[in-house]
Structure formats: C-alpha cells, structure tokens
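Participant: Start counting the sequence shown at -11; every next residue gets the next number (the numbering used here).
Would you mind keeping the following structure in view while I ask a few things?
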Amino acid sequence: MAGHLPVGARPRRIPLIGRREELQVLTTLLAGVRDGMSSALVLVGEAGIGKTRLLDHMTEVSADLRVVRAAGVESEAQLGFAALHRLLRPFLGRLDTLPAPQHEALASAFGLLAGPPADRYLVGLATLTLLADAASAQPLLCLVDDMQWLDRESRDALAFVGRRLGAEAVGLVVAGRADMPGPGAFEGLVVLPVRGLGDADAHELLGQNVTGRLDPAVSARIIADTGGNPLALIESADTLSPAHLAGTAPLREPLPVGARLENHFGRLIQGLPDETRTFLVLLSAAAPENALLLWCAAGELGVPATAADAAISAGVLIHDQRIEFRHPLIRSAVYSGADAAERRRVHAALAAASDQLRFPERRAWHRAEATIGLDDEVADELDAASELARARGGYAAQAAFLARAARLSVADRAVRLVGAARAHLVLGDPATAQAMLEQADPLLVSGDPVLRARALHTRATTDIYFERIGGVLSQLMAAADTVAGSDPTLARSMLMEGLLAALCSDHDTVALKEFGAAVLASPALRPASPTGADLLLRGFALRVHSGYPPAVPVLRAALAAVGRESEVTEHGVRLAALALYAAEEIWDDDAGDEAARLFEVHERRIGALGALRSTLLVRSTWELRAGRFATATACLDEAEDLAAVIGQPSGLAFRVELLAWRGQETQARSAADALVRDLVTRHAHGGLGDWARNCLTVLELSLGRYAEAAAHADVAFANDNAGAVPRALPDLVEAAVRCGEHRKAKEALRRLEERAPLAGTPWALGLLARCRALTADDDHAEAFFAESVALLGRTRVRTDLARTHLLYGEWLRRRRRRADARTELRTAHEMFRCMGAAAFAERARVELLATGEHARKRTPHTEHELTPQERRIAGLAAAGSTNAEIAARLFITRSTVEYHLNKVFRKLDITSRRRLRSVLSEEG
-11 MAGHLPVGAR
-1 PRRIPLIGRR
9 EELQVLTTLL
19 AGVRDGMSSA
29 LVLVGEAGIG
39 KTRLLDHMTE
49 VSADLRVVRA
59 AGVESEAQLG
69 FAALHRLLRP
79 FLGRLDTLPA
89 PQHEALASAF
99 GLLAGPPADR
109 YLVGLATLTL
119 LADAASAQPL
129 LCLVDDMQWL
139 DRESRDALAF
149 VGRRLGAEAV
159 GLVVAGRADM
169 PGPGAFEGLV
179 VLPVRGLGDA
189 DAHELLGQNV
199 TGRLDPAVSA
209 RIIADTGGNP
219 LALIESADTL
229 SPAHLAGTAP
239 LREPLPVGAR
249 LENHFGRLIQ
259 GLPDETRTFL
269 VLLSAAAPEN
279 ALLLWCAAGE
289 LGVPATAADA
299 AISAGVLIHD
309 QRIEFRHPLI
319 RSAVYSGADA
329 AERRRVHAAL
339 AAASDQLRFP
349 ERRAWHRAEA
359 TIGLDDEVAD
369 ELDAASELAR
379 ARGGYAAQAA
389 FLARAARLSV
399 ADRAVRLVGA
409 ARAHLVLGDP
419 ATAQAMLEQA
429 DPLLVSGDPV
439 LRARALHTRA
449 TTDIYFERIG
459 GVLSQLMAAA
469 DTVAGSDPTL
479 ARSMLMEGLL
489 AALCSDHDTV
499 ALKEFGAAVL
509 ASPALRPASP
519 TGADLLLRGF
529 ALRVHSGYPP
539 AVPVLRAALA
549 AVGRESEVTE
559 HGVRLAALAL
569 YAAEEIWDDD
579 AGDEAARLFE
589 VHERRIGALG
599 ALRSTLLVRS
609 TWELRAGRFA
619 TATACLDEAE
629 DLAAVIGQPS
639 GLAFRVELLA
649 WRGQETQARS
659 AADALVRDLV
669 TRHAHGGLGD
679 WARNCLTVLE
689 LSLGRYAEAA
699 AHADVAFAND
709 NAGAVPRALP
719 DLVEAAVRCG
729 EHRKAKEALR
739 RLEERAPLAG
749 TPWALGLLAR
759 CRALTADDDH
769 AEAFFAESVA
779 LLGRTRVRTD
789 LARTHLLYGE
799 WLRRRRRRAD
809 ARTELRTAHE
819 MFRCMGAAAF
829 AERARVELLA
839 TGEHARKRTP
849 HTEHELTPQE
859 RRIAGLAAAG
869 STNAEIAARL
879 FITRSTVEYH
889 LNKVFRKLDI
899 TSRRRLRSVL
909 SEEG
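Here is the structure:
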C-alpha cells in the first residue's frame, strides 16, 4: 500500500515550491505588461522540470490580465499554422480590423481567404498587430507550451512577434525542451533555463506529497537520482511503498527519470481498461480544440464516452472545460508508447470523422498516418493537401506532405521528392533539400525531361546555398533549355538565378560566355514587347558574352521598363538585384535611386523582410553617394534590425563604407577585416569580392593611402565584373596617379573612355572628365576639372562632386594658385563637413592649411542619445508620417511608435512634432 495520496486523489497541480529566481523573472515580466510594456521570454528545460507549472502559476496570478494559452501537439507538428490558429482563435473576429496586406496574409494562412501564399513575416506582423489590438483593451498574456512540437510556420510567427514586441502591453512566454529539433527560431530572445530544484526545495516537495514517514536518506537518494526534477520526484514517490519511503525496504527499481519517466507513465496506463487505453491514444492524436472530431472518431472506434472515466479516476486525465491530459508528457508517453497498429486504427478513425471540405489537410495527414505500405490514393490526397498548404504560405507543411506522399507513392514519387526539395529551399533548409534530391536521383534517369529540368534547377539552387558554384551555370542552362518551350516563366527564373550567381561569385570566362550565349538564344525571352526582366536578362547576357558596348542600350531600356508593378511581383528580389547592378553598370544614379525606392516600397507593402533587408543595404550606398549619411545610417540600422528579426547574418561588415566616409578608422578597419574574412575569402574574384575591395578602396583613399587603394581597385579592374568595375575605374585612376603608377592609371582611363560615353549619363561623363583632369597636362587639366564639376553638379552623387572639388583644389594648390585653390578646397571641406565625411573633410582641411587658410577642424557635434530605432521613428515623424504609417513602415505597432516618440520628446526636450524637424536638422 502506498504511503501517500493514492493516484486518483492526487492534487490537480504539483505545488510550486522554490523557484525564487524564475518567479522573480516572471514577476518582472508581468509587472511590465501591467505597466503597458511588452516582453518575450523562452523557458527551456527537460521534460517534467516544471515549465508547465510555471505557466500555470502565471495564469493563476494574472486575473487582471487577459490570458490565452496554446501548446504544440506532436501529431500536428507538420500542419502549418495549426498552433498559431489555436492561439489566435479568440481574436479572429477582429481580423477585419487589420491593415489589408496583414489581413490577407493571416486569413490566407488560416485558409479563410483565397489569395497568394502568405509571406511568413507578414503573418508574424499580422499576429503582432492582432495581439496589440486586443491588448489595447486589456493587457494580454500569451502562454505557449511544448514549443518542440510547434509547427514551423507557427514557430516562425511567434518568434517574429517576440522580436518585435515593444510597448503593446503584451507578454509572450514560450516553453519547451532545450533540445528541440530544427532551426533555432527563438534565437535572440531572452532564455530562462528551468533546472531541477535545490535539495531543500526538493525535500519539501517530496514531504508534501508523501503520507507517513520519509527517511532523509531515501529522500536524498530520490533527489539525487531525479536531479530535482519535480515531476520525476512525485512520480518516483508514487511507485514506492511506505516501507521504501521509510527506509525499511531497499530501493531496487531504477527510478522514473528522463526517458524512464515516459515509461513510467506507460506502465501506469497499461493498467487501465482496453477501451480507456484506446480513448487515450485517440486523445493524444486528436486536435485539442476539436471536441466534436474527438467524439465522432470515438464513435467510429466504438469507444463510449464513459471510457474516459477510468483515466480521470487514475489521474491520467483532468476534466475541466474539456478533457485533457494531466501533463503534456503523458500525451507524449501515450502516443509514442502505443502499438503501431493501434495508432493506425486511431488515425483512420480521425480521418473518417474529418470533414474533407473543412479540414482537408488534417484528413490527408491522418489518412497517411493510418496507412502502411504504398497507396497512391492517399498519396494523391497528400499531394493535393500540399498545394493547399503552399497556397497558404505553409511551405514546411507542403514539404512534409510531399515527402510523406513520396513514401506512399507507386507513381509520381520523383515529382513529389523534387517538390519537397524545392519547398525546403524556400524555408532556407538546403541540407534537407539535398537529401530529397538524392532520393529522387535514381528515379530521374529515364523520367520526364521537364521533371529532370526542375530537379536540375533545384540542385543548382541548393549548390548556390552551399556556395558550390562550379557547375551551377551548366545545370541552369540545361534546365532552362528543357522547359523554355513549355514553361518560359520558369525558364526565365532559372536564367535570372544563373545570372545573379554569375555576377556575385567566381566563374571562368568560358563558362560565363557560354551562359550568356544560352540566355541570348533562349526562346523563353520574349522578342516582341519584352518586359524589364527580359531586357535585364538580355543586357547582362550581352555584357558577359559580347562585352560592354552592346549591353548598354539594353540595360538602359531595362531600367526604364523595370518599374512595372507586375514585374516587381513576379520576380521579386532577383529582379531588384539585377536592376541595381544595371544602374551601377551604366552609372545611372537616377535609375538606381528610383529602383531602390521602388523595390523598398513594394517589399514593405508585402512584408518581404528578407528582400527588404538586402534593398536597404543597397539603398544605403545610394544615400551615401547623395551625401545623406544620416539616412544611410538609418537604412543600415533598419537592415540590421531586420536581420535580427529574420535570423540573417548582420554586423559591422555591412557598414564599412559608411565608417570609411565618416573617418572612423578603427571601426572601419575592423569592418573591412570582417569583409575580407566573410566575403573576399569565399568570393575571391566574384562580384561580392570586388564589392568588398571597392569599400576598402574608399577607406584607403579617404586616408590618403594611395598605394593600398590602387592595389584593391586593380583587382576589381582586372576582374571586370559587371556592376563592380564602374566603381573601381575612377578610384583606380586617382590612386594610381597619386602613387606614381601612371601606366595603370592610363589603362584604367582608357577603359573609362570606352565606356563612359556609351553610358552617356552626367555621372559617367563627370567621372571621365575628372579622371582626364588627373592625367592631363597643365594646359588641359583645368578645363576637365571644370567640366567634371558642371556635370556632377547635375547628379545626385554629391560625394563624387565634393571629391572633384577636393582634387581640383589640390591640383590648384600644387600650381601655387592659392586663392583659386582656397575656393575649391573650401567648397569641398564644407560639403564633406556637412555630410559628416570626416576623413575627406580632414584631407580638405589639411590642404586649406597649406594655402594659408585655417579651416575649423570638425569636432563631432553633441547628439542626444537616441537609439537607432528612436532615430528612425523621429525622422519619419519629422517628415510628416503618422504613427500608423510609421508602424506599417517599420513593422512594429502604433503603441510602440508612441512609446518611442515620447522618449524622443523627453531626450530632445521638446513637446510636439513641430519641433522635431528643426531639432534633428540642427543635429546633422
């Protein structure tokens, strides 16, 4: 006879003992929510350690808050957005209050609206907006348990919310095991490890759950063996007799710890009646919120409702508003411990009870789980469900459905494996995509050539992910050639992907020429009424195959046509990247700036945060060229912020050009080292490597280290990569002239003289005139400098105009024309000083000193301590944006905007938006 409460009489919850550090953190979080702030926290620990009990405690002490709870369910881990739907069910009546793009994304994700696949970040933003809206009426606490069983889409959405919470009065606490599978979606959020209880607290917990004598030595043994795991402590005591607990009988059996804890629950369940055990397996596999489905499936199995009684009496189940397991670990023990045939029987009943029209994906999954061997009918249903998942943006679910369909297929197995691989690439999981392709390979040898082409395309994309660039172009050429007649849109996508790989990475000249020839010969390019995408493909194909001259007019036409909305939507980030390369290639500052803004607006509207982050990095360069360093900084700040939100790499390296212009040499050097390590090493002779060298060239020129600048620019000059060499040419001329490498300067000037007139833009011709001035004799140089000033004055590129004034002034001073030199140098110094280009301003100041004029050395102005987010919000508010517009632009909530603006007002000692513009302009 047990020496404590019988199982059926066990208290509903384990007493909360100890946990002082954990409770302090949770109390602080709740206090912040009550004060209108928001916070996210991740509780991690082993099974039974007390995570769920802490969530229960938060519910118990939050009567003044609105509390919503959800949990991952093992049997639904492959159903996209399932857990998120459970969490948001109380708020779905407010879907119509969301901004249109967010409403469409979330409604599409939940299958409530037919539309394009939901962008996962836009779903996250819609979730955040919906929760913030609910919290405006009453502070909100969202508790999510068993994160290890959340579906991928729900996990990503909740992680997005956690990273974007600000001042909405929303608390988000997610709990689960530390060794959860898959990518670490919650990285970057505050993590609170939940560990075993200390000896004193564990002994007290045991004492409260044992009747009769508890021998201290026995208690110490149980605590040591269980590591202070509260559930293991209590379940261990349950297995022991009063004699064991009193120390009069030896402890022989291993105590239920870790995996043995699940086995312990399994043994507990084995003593229940057969129909009760069947009901428990059914409950473990069913959607927790769908009681109707549960009881219909029970009817299919012939299991009466009274079958639950024995489990409730045994303490396995609890019955409050609905029947559920006493602890999530019991659900896991029931499902994993069930006989395979019993699981199949339960899933078959759930499939039979599921409405095919309302729950097609769940029904398909249950049918698959009920199937052993091959079954094309079930595979077809899974295939159809995968299309539904894809249409909702559930790419993880799509991949899971297709992979399972492939395992059940007699026919179409290869098609489904390739489709699953492609879905994994969309998710950013190239390793699994590669595994899918390896399974498909033996089936593709004599199969459909179009399918082989799609597989080649997928393999090429996988290789790009892993930076195995060598065979990518040939794979994409072959794939595009196969599908060009039947699917020209797909063929163009393949060719575009190949061109981007060619522009960014290392390829030999022969491979590039062959790829260019394949693009030019492809029937996928529309000869009549070509789109901007067609023209970009043709222009860059001409560039790599035939050289610069024939490419220029096509690239110019492409930039003029690329702003069509349908094109931006169809090709997304690839089109954006090629358009921005084209603007660089033909020195078109107007088109480059406009393209960056166009793509930014589009990406903000659809919530494409990954693409937006890349566009902001590019736009920062255009803002730097325009001398708007504060705006460039804001772009980089936001790009870094977005990188943290979506889990992409970030860091100082992306700021090297800004740091060089600002004269922050130590930080610029550190960033440059990171660039060399992260980019140049991997893309030594490709476009990315040349971009890195161009940044280093600017740094060296700003510091007057001309030999080092020439060395960097010379590599990009020799590579002649599209989009990269236009930056290098004028810098190489300047650096080579200054360090006496006149032959190299003439070579670079010769290429610039060939290309700049073909581009024909004021920027190109202005740079050409400046380089001619640097290499001309004294009789001609001045006219070239004047021409450069006049031409560059018509462009947005203020930095190049200022550099021309500087070089002109330096030339005049060396000819002892001090008065004239002062005019140019004073202009250059003032332009650089106002921009914040400290390194070049210092060059101008030193030159002015040599003319006999003392220019004030710029000391950094005193700025109020605004955070990057506060600067962005303040700048947008000063420009006239409303709080709602700022929130939509920055992917945050209106309450967070209001919170930051209040802090800005306090820091700037102002009381209204009217003063923002003048105060910010005074600061730089």
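Note that the Cβ used here is the ideal one computed from N, Cα and C, for glycine as well.
Computed from a predicted model, the values in this text were never measured in an experiment.
1) Run through the DSSP bridge pairs and tell me what residue 164 is partnered with.
2) Over what stretch of residues does the alpha helix (DSSP H) that includes residue 822 continue unbroken?
3) Label residue 362 either buried or exposed according to how many other C-beta atoms from any shown protein chain fall within 10 Å of its C-beta, with 16 as the threshold for buried.
4) Drop a sphere of 10 angstroms on the beta-carbon of residue 837, count the other beta-carbons inside from all chains shown, and report buried for 16 or more, exposed for fewer.
5) Where does residue 171 fall in DSSP's three states?
6) Got a sec, what are the start and stop residues for the beta strand (DSSP E) residue 313 sits in?
7) Just the Cα atoms here: how many angstroms apart are residue 38 and residue 186?
8) Assuming residue 660 contacts residue 683 under a Cβ cut-off of 8 Å, what Cβ separation, rounded to an integer in Å, is found between them?
9) Hey, out of 226, 232, 183, 18, whose CA is closest to residue 205's CA?
10) How many angstroms separate the CA atom of residue 730 from the CA atom of residue 736?
11) Cutting at 6 Å between CB atoms, please list the residues of its own chain near residue 476, excluding the five before and the five after it.
12) With DSSP run on the structure shown, which of helix, strand or coil describes residue 133?
13) Can you name the start and end residues of the alpha helix (DSSP H) that residue 180 belongs to?
14) Roughly how many whole angstroms lie between the Cα atoms of residue 903 and residue 86?
15) Cβ of residue 439 within 8 Å of Cβ of residue 424?
16) Measuring straight from C-alpha to C-alpha, what distance separates residue 807 and residue 771?
17) At the level of alpha carbons, what is the spacing between residue 59 and residue 585?
18) Output needed for residue 300: all residues of its chain with C-beta closer than 6 Å, excluding positions within five of it in sequence on either side, in chain order.
19) Return the first residue and the last residue of the alpha helix (DSSP H) that residue 540 is part of.
20) Take residue 228 as the anchor and find which of 198, 251, 215, 255 has the nearest alpha-carbon.
21) Could you check how far apart the C-beta atoms of residue 401 and residue 370 are, in whole angstroms? I think they sit under 8 Å.
22) Hey, could you find the ends of the alpha helix (DSSP H) residue 306 is sitting in?
23) Go ahead and pull the three-state DSSP assignment for residue 61.
24) Would you be able to state if there are at least three C-beta pairs under 8 Å between the stretch 407 to 414 and the stretch 376 to 389?
25) Kindly list the residues whose CB is nearer than 6 Å to the CB of residue 545, restricted to its own chain and excluding five residues on each side of it in sequence; keep chain order.
26) For a test of the three-state rule: what should DSSP assign to residue 128, helix, strand or coil?
27) Tell me the DSSP bridge mates of residue 159?
28) Which residues does DSSP list as the beta-bridge partners of residue 56?
29) Could you tell me whether the Cβ atoms of residue 269 and residue 330 are closer together than 8 Å?
30) Using DSSP with H/G/I as helix, E/B as strand and the rest coil, what is residue 892?
31) Smallest Cα separation from residue 644: which of 485, 633, 606?
32) Could you check where the alpha helix (DSSP H) with residue 712 kicks off and where it finishes?
33) One question on the structure: do residue 860 and residue 871 come within less than 8 Å of each other, judged by their Cβ atoms?
34) Indicate whether the contact test is met: 3 or more Cβ pairs, each with one atom in the stretch 65 to 85 and one in the stretch 559 to 577, closer than 8 Å.
35) Excluding the 5 residues preceding and the 5 following residue 254 in the sequence, name in chain order all residues of the same chain whose CB lies nearer than 6 Å to its CB.
36) With distances taken from CA atoms, which of 839, 775, 823, 885 is nearest residue 797?
Facilitator: Checking against the coordinates, here is how it stands:
1) According to DSSP, residue 164 bridges with 32.
2) Residues 806 to 823.
3) Residue 362 comes out exposed.
4) Answer is exposed; the Cβ neighbour count stays below 16.
5) With a pLDDT of 44 at residue 171, under the threshold of 50, the modelled position of this residue cannot be trusted; read the value that follows with caution. For residue 171, the three-state secondary structure derived from DSSP is coil.
6) Looking at the DSSP string, the run of the beta strand (DSSP E) that includes residue 313 is 311 to 313.
7) Taking the straight line joining both Cα atoms gives about 13 Å.
8) Residue 660 to residue 683, Cβ: 7 Å. Contact.
9) Ranking 226, 232, 183, 18 by Cα distance to residue 205 puts 232 first.
10) It is roughly 10 Å from the alpha-carbon of residue 730 to the alpha-carbon of residue 736.
11) For residue 476, where only same-chain residues beyond five positions count, the Cβ hits under 6 Å are 512.
12) In the structure shown, residue 133 sits in a strand (DSSP, three-state: E or B).
13) Element bounds for residue 180: not the alpha helix (DSSP H) but the beta strand (DSSP E), 179 to 181.
14) In this structure, the straight-line span from the alpha carbon of residue 903 to that of residue 86 is close to 32 Å.
15) No, Cβ-Cβ distance for residue 439 and residue 424 is not below 8 Å.
16) Between the C-alpha atoms of residue 807 and residue 771 there is a straight-line separation of about 18 Å.
17) Looking at the two C-alpha atoms, the distance is approximately 41 Å.
18) Non-local C-beta neighbours of residue 300 in its own chain, meaning closer than 6 Å and more than five positions away in sequence, comprise 307, ordered along the chain.
19) Per DSSP, residue 540 belongs to the alpha helix (DSSP H) from 536 to 549.
20) Per the Cα distances, 198.
21) Not really, about 12 Å apart at Cβ, beyond 8 Å.
22) Secondary structure note for residue 306: it is in no alpha helix (DSSP H), and the uninterrupted beta strand (DSSP E) holding it is 305 to 307.
23) Secondary structure of residue 61 (DSSP, three-state): coil.
24) Under the three-pair Cβ rule at 8 Å, the stretch 376 to 389 counts as touching the stretch 407 to 414.
25) The beta carbon of residue 545 sits closer than 6 Å to those of 523, all from its chain and outside the five residues before and after it, given in chain order.
26) In this structure, residue 128 counts as strand in the three-state DSSP scheme.
27) Residue 159 is bridged to 27, 129.
28) According to DSSP, residue 56 bridges with 130.
29) For residue 269 and residue 330, yes; Cβs fall inside 8 Å.
30) Reduced to three states, the DSSP call for residue 892 is helix.
31) Of the listed residues, the one whose Cα sits closest to residue 644 is 606.
32) Residue 712: not part of any alpha helix (DSSP H); DSSP gives it neither H nor E.
33) Taking a C-beta distance under 8 Å as the contact criterion, residue 860 and residue 871 do not qualify as a contact pair.
34) Counting Cβ pairs under 8 Å, fewer than three are found: no touch.
35) Once the five neighbours on either side are set aside, the close Cβ partners of residue 254 are 321, 325.
36) Looking at the Cα atoms, 839 is the closest of the given residues.
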